[in-house]
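A.B. asks: Listed in order, the protein sequences are those of chains A and B.
For the first sequence, this note's numbering begins at 1 and goes up steadily by one.
For the second sequence, this note's numbering begins at 1001 and goes up steadily by one.
For every residue, glycine included, the Cβ atom is placed at its ideal position computed from N, Cα and C.
Keep in mind the model is a prediction, meaning the values are calculated, not measured.
Below: one structure in structure tokens.
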Amino acid sequence: MEEVKPRISVYCAQNATVVTLVDEKILDEETISALEESIMPLIDGPVNLVIDFSNVRFLSSAVLGLLIRVSKRINENKGRLKLCSIEPQILDIFKITRLDEIFEIYPDVKKAMLTLK
Amino acid sequence: MTSKTSTHEKIVSSGIISELRRICAKILCDTRQFEYSEDDLFAIHLAVEEAVVNAFKHGNKRDPAKNVVIEYDLSPQKVDICVTDQGKGFDPEGLADPRVDENIYKTDGRGVLLIRSYMDKVEYNNAGNSVRMTKFNSKSA
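In structure tokens:
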């Protein structure tokens, strides 16, 4: 049986669920669909979600679309979304697209969690 | 230090995304010989990724029978990459700006903006099915 590589690791801390993206590069539709299928069930209710990008070194614009879908779902369910640990090259993608203005972005998980207290 | 001064390649690829990504990886690998900065390589990687995805998805409409032609010239001074699909083309000037408030929550439409932001020169042919992108080596500026 083929081993399925997990795309995220998840833990619950205080009043938030922390999702760490495992892949260094997030590009192809298969990976993005797998991510979406993993994340969406976690945000069915009013969940505070922190997405940790510390492993991510490269992503395409398709990932931004996924983040917007996640953000919409969280808003519908009255939760909150925080992104963190985005390295400078990738943060530039958010700035160029102005998505740094609609996502709450923090330097690390700890700082993101502090805002949810 | 490499003794190479320039490289020219023209690859006619089947329009299969995994094959196109292999070509992207080859372009990046070949570019590394010319000692571009990590920021330049990131920019080239992102622009080529967005261009081939656009060619595959919007140009060829995911039809694997349609080809994508990738032609590139690499030198210590600059990288020129041209990506051409077999689609009907589009008007790049007619694209909605994904940064404006009414579009900011749209889940797609940011690829061309990123290509234009990360490359130094970007031109589309009249038909709109071919994009030529240039990145100058920031180390040799």
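#1: Count the other CB atoms, across all protein chains shown, that sit within 10 Å of the CB of Met-1001/B; report buried if there are 16 or more and exposed otherwise.
#2: Any contact between the segment 107-117 of chain A and the segment 1050-1068 of chain B? By contact I mean 3 or more CB pairs, one from each, below 8 Å.
#3: Applying a beta-carbon distance threshold of less than 7 Å, which residues of chain A neighbour Val-1083/B?
#4: CB Gly-1087/B to CB His-1058/B, shorter than 9 Å?
#5: Please confirm if Asp-100/A has its CB atom under 9 Å from at least one CB of chain B.
#6: Among residues of its own chain, excluding the 5 on either side of Arg-1099/B, which ones have a beta-carbon nearer than 8 Å to its beta-carbon?
#7: With 16 other CB atoms within 10 Å as the buried threshold, where does Thr-1005/B fall?
#8: Give the secondary structure of Thr-31/A by DSSP, where H, G and I count as helix, E and B as strand, and everything else as coil.
#9: Roughly how far, in whole angstroms, is the beta-carbon of Val-56/A from the beta-carbon of Asp-23/A, given that I think they are within contact range, below 8 Å?
#10: Under 8 Å, with one C-beta from each stretch per pair, do the segment 101-111 of chain A and the segment 1007-1017 of chain B reach the 3-pair mark?
#11: Helix, strand or coil for Ala-1051/B? Go by DSSP, reduced to three states.
#12: Which complete beta strand (DSSP E) runs does the segment 2-89 of chain A hold, if anything under 3 residues is left out?
#13: Could you check whether the Cβ of Ala-34/A sits closer than 9 Å to any Cβ belonging to chain B?
#14: Give me the Cα-Cα distance between Asp-28/A and Leu-1020/B, rounded to the nearest whole angstrom.
#15: Taking DSSP's pairing of strands, which residues face Leu-1074/B in a bridge?
C.D. replies: Here's the rundown:
#1: Your numbering for residue 1001/B matches position 1 in the second sequence. Confidence at Met-1001/B is low in this model, with a pLDDT of 46, below 50, so the placement of that residue should be treated as unreliable; the coordinate-derived value is given next. Exposed is the call here.
#2: no
#3: Here residue 1083/B is taken as the residue at index 83 of the second sequence, counted from 1. By Cβ distance, chain A contributes nothing, its closest Cβ being about 15 Å from Val-1083/B, past 7 Å.
#4: Against the second sequence, residue 1087/B aligns to sequence position 87. Against the second sequence, residue 1058/B aligns to sequence position 58. Cβ atoms of Gly-1087/B and His-1058/B: closer than 9 Å.
#5: Here the question's residue 100/A lines up with position 100 in the first sequence. Not closer than 9 Å to any Cβ of chain B, the Cβ of Asp-100/A fails to qualify, so no.
#6: The sequence position of residue 1099/B within the second sequence is 99, counting from 1. Leu-1113.
#7: Position 5 of the second sequence, counted from the first residue, corresponds to residue 1005/B. Result: exposed.
#8: Numbered from 1 along the first sequence, position 31 holds the residue referred to as residue 31/A. Note: Thr-31/A maps to helix in three-state DSSP.
#9: Working through the first sequence from its first residue, we reach residue 56/A at position 56. Working through the first sequence from its first residue, we reach residue 23/A at position 23. That pair is a contact at about 7 Å.
#10: no
#11: On the second sequence, residue 1051/B is found 51 positions in, with the first residue counted as 1. Ala-1051/B falls in the helix class under three-state DSSP.
#12: 8-13, 16-21, 48-52, 80-84
#13: Taking the first sequence and counting its residues from 1, one reaches residue 34/A at position 34. Output row for Ala-34/A: interface = no.
#14: The count along the first sequence starts at 1 and reaches residue 28/A at position 28. The count along the second sequence starts at 1 and reaches residue 1020/B at position 20. Rounded to the nearest angstrom, the two C-alpha atoms are 11 Å apart.
#15: One-based indexing of the second sequence puts residue 1074/B at position 74. Note: Leu-1074/B sits in a beta bridge opposite Thr-1007/B, Val-1079/B.
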